[in-house]
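A.B. asks: Have a look at this one before I ask anything.
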Amino acid sequence: MYGRTEMKLVKLGAAALITIVIVAGIAIPTSPEPTSWFQFPVIPGLEEKARNIFFHVPTAWTTVVAFLVSLYYGARYLRTRQADDDIRSVSAASLGFMFCFLATITGSIWAKFNWGSFWNWDPRETSIFILLLIYGAYFALRSSLEVEEMRAKLSAVYSIVAGLTVPFFIFVMPRIMSGLHPGAKGDASGSTPVAQLHMPPNMLTVFLLSLFGFTLLFVWMLNVRVRLARIEYQQSTHHA
Amino acid sequence: MLFFPDFANMTLMSFSTSTYALIEKDIRSEVRTRYALNALVMFVVTAVATILFALRSDNPSVELLSGMYWVVIFFTAMSGLSRIFVSEEERGTVLVLQLIASPSVVYFGKLLFNSVLTLLLTAAVTILYLLVFPGFVIKSYDILFVTVLLGSLGFAASATIIAAIIAKAGARGTLYPVLSFPILIPLLMTVMNATTRALGGEPFVNAIGEFQVLVGYLLVMVGGSYLLFDYVWKD
């Protein structure tokens, strides 16, 4: 995919950034009136629980990135018919499934402590649940197809069809359903497809570092998975 | 050329004649075997009877009724609509169809046949609900009519492309609802909302938002499926 040196940098970058985010996100104290960059403000209603934003939102973000990467390589497979594009597509999808699961768990725990129950069928909770279902269906479809070309082709088509419905979840549903996440219908700061970031600069810095760190982590994990899947593919074609 | 493979060398006239011929063939084989229709009708009856047993003498709310109305339609459609492509695979007629008809003709022929089947199915469920649930009273006919029409067409659009995909796979029967459900959720949530409005007797303008979503969904699904069908259909 990329050169070894680049991947080494990505790996080190991801490790460094996520370490910084874990340390800063957990250790920086909150204070009602922050006086220095080394204090987070107390957000009414969220308090210490606000720290989850550094871990929950990036996992959800990585899920979406992984879905788009999988979609991109799926569409590319339909054009090129190169087995390698399918390998990248399915590797991205399986990582996306994992991050989707993590986003659901971290979100669900946060929801329990902030909104009172593990699950409320808020529009974004519904969307992530459907994304889990899509990933589940995608892998069920793949395992029921034996011919490799057919598996690659049909799963690519399915992920594109599933991708067609994503705008409905992002743009339409939060508008017609009331929700608990920021940016939903009835939110005082305005309903927008993507929640606006009203964060003090030091929180925003940690948050953006976290987004970037998780993206790098995804790139590195994808690279490892793709290399492994390539070896498995070569072995299966050698023996067959 | 990649996206419009066969419209270039085909007139609209020959396109509509061949599509019509394909639908006629499907209807004729359906009338002879009554495979889909019999199964669908029996499925509707069974599903509604199960709901009646579960409810006993309870008087369900309007929201619950409109939800269960679409639940029955969803599972009934999932039991029968895949037939359209699966039967071609089972009878080994796929290659013939690939030779004599262009993919877009096959797609639109199958889509129209499925649309008609879904509309019939929805009509049957509506009549049955009116008969057996005293609480299922349609107060805004215009909303329900547009909802059922757009909902059924959108339903058929998704069901057709997924049917084309699973016809090539093993374990088709279980896979069909699994693959279709995530795709159909935006549609299902919208039609359930709109049906609640129709049963609640709201004025037509209240449901405009839902209809916009349904029209958008229909266009996106038909457009996307049309562009992708080539890849599914050709081996």
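Protein sequence lines correspond, in order, to chains A and B.
Heads up, the first sequence is in the numbering used here, so the first residue is 1 and it goes up one at a time.
Heads up, the second sequence is in the numbering used here, so the first residue is 1001 and it goes up one at a time.
Backbone N, C-alpha and C fix where the C-beta goes; we use that ideal spot for every residue, glycine too.
(1) Taking the alpha carbon of A92 of chain A as the reference point, which residue from A:G74, A:F212, A:R79, A:F101 has its own alpha carbon closest?
(2) Return the residue from the list A:M203, A:Y158, A:W61 that minimises the CA-CA distance to I43 of chain A.
(3) I134 of chain A versus chain B: which residues are under 7 Å apart at the beta carbon?
(4) Within 10 angstroms of the Cβ of V1232 of chain B, are there 16 or more other Cβ atoms? Answer buried if so, exposed if not.
(5) Going by C-alpha to C-alpha distance, which of A:T5, A:I20, A:E232 sits closest to F214 of chain A?
(6) Please identify the residue among B:S1061, B:S1140, B:Y1176 whose C-alpha is closest to the C-alpha of A1207 of chain B.
(7) What's the call for K1110 of chain B, buried or exposed, on a 16-neighbour Cβ count within 10 Å?
(8) Any C-beta of chain B sitting closer than 8 Å to the C-beta of I160 of chain A?
(9) What does a CB cutoff of less than 8 Å around A83 of chain A pick up in its chain, not counting 5 residues either side in sequence?
(10) Grab me the residues of P988 of chain B's own chain with a C-beta within less than 6 Å of its C-beta, minus the 5 sequence neighbours each way, in chain order.
(11) At a Cβ threshold of 8 Å, is V65 of chain A touching chain B?
(12) DSSP beta-bridge partners for S31 of chain A?
(13) If you check the beta carbons only, do P34 of chain A and F40 of chain A fall under 8 Å apart?
(14) Below 7 Å on C-beta distance, what does Y1231 of chain B contact in chain A?
(15) Between A:R124, A:S117, A:L71, A:A111, which lies nearest to D86 of chain A when the distance is taken from Cα to Cα?
(16) Could you tell me the distance, in whole angstroms, from the CA atom of F129 of chain A to the CA atom of G1216 of chain B?
(17) By how many angstroms is the C-alpha of L1022 of chain B removed from the C-alpha of W119 of chain A?
(18) Report the neighbours of S144 of chain A on chain B: residues whose CB is nearer than 7 Å to its CB, in chain order.
(19) Roughly how many angstroms separate the alpha carbons of V166 of chain A and I53 of chain A, rounded to a whole number?
(20) Please report the Cβ distance between T1019 of chain B and I1073 of chain B, rounded to the nearest whole angstrom; I am assuming they are in contact, meaning their Cβ atoms lie under 8 Å.
(21) For M98 of chain A and T63 of chain A, what's the separation of their Cα atoms in angstroms?
(22) Verify the CB distance criterion: does F218 of chain A have a CB-CB separation below 8 Å to chain B?
(23) If you follow the alpha helix (DSSP H) that G1135 of chain B is part of, which residue opens it and which one closes it?
(24) Using a C-beta cutoff of 8 Å, does L180 of chain A count as contacting chain B?
C.D. replies: According to the data block:
(1) Translated into positions along the first sequence, residue 92 of chain A becomes position 92. If we check each option's Cα against that of A92 of chain A, A:G74 comes out closest.
(2) On the first sequence, residue 43 of chain A is found 43 positions in, with the first residue counted as 1. With distances taken between Cα atoms, I43 of chain A lies closest to A:M203.
(3) One-based indexing of the first sequence puts residue 134 of chain A at position 134. Residues of chain B passing the Cβ test: P1182.
(4) The sequence position of residue 1232 of chain B within the second sequence is 232, counting from 1. V1232 of chain B should be labelled buried.
(5) As a first step, residue 214 of chain A must be located in the first sequence, where it is residue number 214. Taking only the C-alpha atoms, the option nearest F214 of chain A is A:I20.
(6) Sequence index remark: in the second sequence, residue 1207 of chain B carries index 207 (1-based). The candidate whose alpha carbon is nearest that of A1207 of chain B is B:S1140.
(7) Here residue 1110 of chain B is taken as the residue at index 110 of the second sequence, counted from 1. K1110 of chain B comes out buried.
(8) Looking up residue 160 of chain A in the first sequence gives position 160. Chain B contact via Cβ: present.
(9) For the purposes of this step, residue 83 of chain A is taken as residue 83 along the first sequence, with counting starting at 1. Taken in chain order, the residues that qualify are E148, A152, Y233.
(10) Any question about residue 988 of chain B goes unanswered here, given that chain B covers just 1001 to 1235.
(11) Looking up residue 65 of chain A in the first sequence gives position 65. Not closer than 8 Å to any Cβ of chain B, the Cβ of V65 of chain A fails to qualify, so no.
(12) Taking the first sequence and counting its residues from 1, one reaches residue 31 of chain A at position 31. A:P41, per the DSSP bridge assignment.
(13) Taking the first residue of the first sequence as 1, we reach residue 34 of chain A at position 34. Taking the first residue of the first sequence as 1, we reach residue 40 of chain A at position 40. Yes, these two residues count as a Cβ contact at 8 Å.
(14) Mapped onto the second sequence, residue 1231 of chain B falls at position 231. Neighbours of Y1231 of chain B on chain A, chain order: L78, K153, V157.
(15) Taking the first sequence and counting its residues from 1, the one referred to as residue 86 of chain A is at position 86. Minimum Cα distance to D86 of chain A is reached at A:L71.
(16) Along the first sequence, one-based indexing puts residue 129 of chain A at 129. Along the second sequence, one-based indexing puts residue 1216 of chain B at 216. Using only the alpha carbons, I get a separation of about 22 Å.
(17) Locating residue 119 of chain A in the first sequence gives position 119, counting from the first residue. Locating residue 1022 of chain B in the second sequence gives position 22, counting from the first residue. In a straight line, the C-alpha of W119 of chain A is about 48 Å away from that of L1022 of chain B.
(18) Here residue 144 of chain A refers to the residue found at position 144 of the first sequence. Ordered by position in chain B, the residues that pass the 7 Å Cβ test against S144 of chain A are A1169, G1170, A1171, L1175.
(19) In the first sequence, the residue the question calls residue 166 of chain A occupies position 166. In the first sequence, the residue the question calls residue 53 of chain A occupies position 53. Each residue's Cα considered, the two are about 23 Å apart.
(20) Within the second sequence, residue 1019 of chain B is the residue found at index 19, counting from 1. Within the second sequence, residue 1073 of chain B is the residue found at index 73, counting from 1. Between I1073 of chain B and T1019 of chain B the Cβ distance is about 26 Å, and since that is not below 8 Å, they are no contact.
(21) Residue 98 of chain A sits at position 98 when you count from the first residue of the first sequence. Residue 63 of chain A sits at position 63 when you count from the first residue of the first sequence. Approximately 8 Å, taken between the alpha carbons.
(22) As a first step, residue 218 of chain A must be located in the first sequence, where it is residue number 218. So no, F218 of chain A is outside the interface.
(23) Taking the second sequence and counting its residues from 1, one reaches residue 1135 of chain B at position 135. Segment: none, G1135 of chain B is in no alpha helix (DSSP H) and carries neither H nor E.
(24) Taking the first residue of the first sequence as position 1, residue 180 of chain A is located at position 180. No, no contact with chain B.
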